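Asks: In order, the protein sequence lines correspond to chains A and B.
Everything in the first sequence is counted per the numbering used here, starting at 626 for the first residue and increasing by one.
Everything in the second sequence is counted per the numbering used here, starting at 306 for the first residue and increasing by one.
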Amino acid sequence: MTVPSVTPGGEIEADWGNAVATELNGVTATAAGKVSKSGDTMTGNLQINDGGLKLNGTGYQARTIELQNAGIRQIDIMENTEGGYFAIRRFTADGTAVVARIEITPNGNISLFDSTRVLVPPINGIQQPAQVTAYNPTTGQLAIGGHEIGDTGLRNITNLLAAGWDTQYGQQLTLRRSGNTVYLGGDINTGATPANSFLTLPLGFFPMAVPSSFEVGFMLRSEMDEAKAQWYRVVHYSGEIIPVWQPMAPQTPYCRFHATWLTNQAWPTSLPGVVMAATQADEGESE
Amino acid sequence: MVIGNLGQYTTPSYMADPTTGRLAIGGKEIGSTGTRDIAALLQPGWIAIAGNLMLRRSGDTVFLGGDMNTGPTPSANIVVLPYGFRPITILHQVCISFILAAAGMEQHKNQLYQISNDGLVTHMFAPMAPNTQYVRFGVTFMTADPWPTTLPGSLMAAAKPADEEEEA
Chain A
626 MTVPSVTPGG EIEADWGNAV ATELNGVTAT AAGKVSKSGD TMTGNLQIND
676 GGLKLNGTGY QARTIELQNA GIRQIDIMEN TEGGYFAIRR FTADGTAVVA
726 RIEITPNGNI SLFDSTRVLV PPINGIQQPA QVTAYNPTTG QLAIGGHEIG
776 DTGLRNITNL LAAGWDTQYG QQLTLRRSGN TVYLGGDINT GATPANSFLT
826 LPLGFFPMAV PSSFEVGFML RSEMDEAKAQ WYRVVHYSGE IIPVWQPMAP
876 QTPYCRFHAT WLTNQAWPTS LPGVVMAATQ ADEGESE
Chain B
306 MVIGNLGQYT TPSYMADPTT GRLAIGGKEI GSTGTRDIAA LLQPGWIAIA
356 GNLMLRRSGD TVFLGGDMNT GPTPSANIVV LPYGFRPITI LHQVCISFIL
406 AAAGMEQHKN QLYQISNDGL VTHMFAPMAP NTQYVRFGVT FMTADPWPTT
456 LPGSLMAAAK PADEEEEA
């Protein structure tokens, strides 16, 4: 048969049979035209202008698009000059409303939503994709949507103690950042001439900035002599840990403390000290 | 990678509200309210200049810090923390983190205050004396409150809500 001509509103009623390839090659349905017929194969592109592709039938694979033969099997949605997003949408039965939609935005984000039952619930009408914005397994960094949720693990930073300070035998000075929360604790002692500041924190662990001097404070106290106790504070702009009033007396053993604060510094680019093996898997155990 | 399951309508794994800084994934709160100036919430008789009473929640960790004076008749409570910022339990040992000082930094009018799980920040044994200057503290604790639906006070410009943006 010959290639039929198609007029707007008309249909192609081709008898595909054995010669379908030649019959349909080059057929272009015009506005509101419709191509309908079952058959076997065709080559070349099927171009439909201002119309849809409807798959009818009730049997096996009656409404299936199947990609056959060797090689890459994919459906490409080619970028066009008009931009916007591409979407796979599910409509109501009468085709009047979108029930659900999977979008691929021009910048490559994939989002899912649904006008009545949402996978990503809109709050205040705003939806945001949860994106991993930073990941560094070496430093333990993981940020989602810009929020730091990673964990440095507990680090032994005894090597950072200032002159005149040491750890009590067998103990450590430990530091950890989990999300934006920092923990520092230790069992330390003073020598004959302890430095005023026993530690300067590495970058990434400073307390959040405060407009005056109400920095994070903690009591450093001796387990051996309860009269020996001094307030220390963490200076938010330098990371120094200094006495509030008077420094701990020289030759004081078993000075114990722990403190926790929030930081808003960038995640450390390298980790201080050494990881403590016994606590390395804290994250896995706790969750 | 599986990014979602349209069948899990009743257990959404992701909640976000940029207005309050909320971001929760799998039920875990990981967002940040930013640093809020809540000096306006001080109880009568407690005075702080703007920005000198700060509150922030990051994940489930809350920071509260202040630098205040007391007037002639300070209230027993310094402030009542709003819902979303209250500690898991009464912080009886908040004295560890409180640094309370008098003018001149010579005499230390240290007093123990506690933060109870109903949000009251109040003294334990004796209140801070009237007309005391430079009453300072900074304390960090955990909360089990749901994320606040509105944020108290005002955002401090120097510490924007997306403190984390510095890290981008």
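Where a beta carbon is used, it is the ideal one built from N, C-alpha and C, also for glycine.
In this text, all values refer to a predicted model and were calculated from it rather than measured experimentally.
Smallest Cα separation from L826/A: which of L845/A, Q797/A, L786/A?
Replies: L786/A
Asks: Is it buried or exposed, W870/A, if we count other Cβ atoms within 10 angstroms and call 16 or more buried?
Replies: exposed
Asks: For the putative contact between Q876/A and A817/A, defined by C-beta atoms under 8 Å, what is the C-beta separation to the nearest angstrom?
Replies: The Cβ separation is near 7 Å, so the contact holds.
Asks: Between the alpha carbons of F278/B and A449/B, how many angstroms are there, rounded?
Replies: The shown model of chain B, from 306 to 473, leaves out residue 278/B, and the question about it has no answer.
Asks: Could you name the residues of chain B that I769/A contacts, counting a contact when the two beta carbons are closer than 9 Å?
Replies: L328, I330, I335
Asks: Can you say whether D322/B is buried or exposed, counting buried as having 16 or more other CB atoms within 10 angstroms of its CB?
Replies: buried
Asks: Could you tell me whether any Cβ in chain A is nearer than 8 Å to the Cβ of R361/B?
Replies: Interface residue (Cβ-Cβ distance to chain A less than 8 Å): R361/B is classified as such.
Asks: Under 8 Å: do the segment 843 to 862 of chain A and the segment 324 to 343 of chain B share three or more Cβ pairs, one atom per stretch?
Replies: no
Asks: Would you mind stating whether A353/B and L347/B have Cβ atoms separated by less than 8 Å?
Replies: yes
Asks: Could you give the DSSP three-state label for A687/A: helix, strand or coil?
Replies: In this structure, A687/A counts as coil in the three-state DSSP scheme.
Asks: G775/A and Q593/A - do their beta-carbons sit closer together than 8 Å?
Replies: Chain A is shown from 626 up to 912; residue 593/A falls before or after that span and cannot be answered.
Asks: R715/A lies in the beta strand (DSSP E); which residues open and close that run?
Replies: Its beta strand (DSSP E) spans residues 711 to 716.
Asks: I want to see whether chain B comes within less than 8 Å of L692/A, judged by CB atoms only; does it?
Replies: It does not; no Cβ of chain B falls within 8 Å.
Asks: Using the C-alpha atoms, what's the distance from H772/A back to T758/A?
Replies: 8 Å
Asks: At the level of alpha carbons, what is the spacing between M373/B and P379/B?
Replies: 11 Å
Asks: On a CA-only basis, which of Q686/A, E691/A, T888/A is nearest T806/A? Give me that one, please.
Replies: T888/A
Asks: DSSP puts P480/B in a beta bridge; with which residues?
Replies: Chain B is shown only over 306 to 473; residue 480/B falls outside these bounds and no answer can be derived.
Asks: Looking at C-alpha atoms only, which residue of N415/B, Y439/B, P377/B, G336/B is the closest neighbour of H428/B?
Replies: N415/B
Asks: Tell me, to the nearest whole angstrom, how far the beta carbon of T338/B is from that of W886/A; I am working on the premise that it is less than 8 Å.
Replies: About 16 Å separates the two Cβ atoms, so there is no contact after all.
Asks: Buried or exposed for S895/A, going by 16 or more other Cβ atoms inside 10 Å?
Replies: exposed
Asks: Classify T783/A as helix, strand or coil using the three-state DSSP reduction.
Replies: helix
Asks: What whole-angstrom Cβ distance do V835/A and G370/B have, given they're in contact under 8 Å?
Replies: 6 Å
Asks: For L887/A, return the contacting residues in chain B, with the cut-off set at a CB-CB distance below 7 Å.
Replies: R361, S363, T366, F368, T445
Asks: Between H883/A, A852/A, P878/A, K853/A, which has its C-alpha nearest I866/A's C-alpha?
Replies: H883/A
Asks: Determine, using beta carbons only, whether T375/B and P453/B come nearer to each other than 8 Å.
Replies: Judged by beta-carbon spacing, P453/B lies beyond the 8 Å limit of T375/B, meaning their Cβ atoms are not closer than that value.
Asks: Nearest chain B C-beta to I713/A closer than 8 Å, yes or no?
Replies: no
Asks: Quick one: what's got a C-beta closer than 7 Å to V743/A's C-beta in the same chain, skipping five residues either side?
Replies: Note that V743/A has pLDDT 42, beneath the 50 cutoff, so the model's placement of it is unreliable and the number below is only indicative. For V743/A, where only same-chain residues beyond five positions count, there are no Cβ hits under 7 Å.
Asks: How would you label A344/B, buried or exposed, when you count the other beta carbons within 10 angstroms and need 16 or more for buried?
Replies: It is buried - the Cβ of A344/B has at least 16 other Cβ atoms within 10 Å.
Asks: Run the CB neighbour count on S459/B, radius 10 Å, all protein chains shown included, and call it buried at 16 or more, exposed below.
Replies: Under this definition S459/B is an exposed residue.
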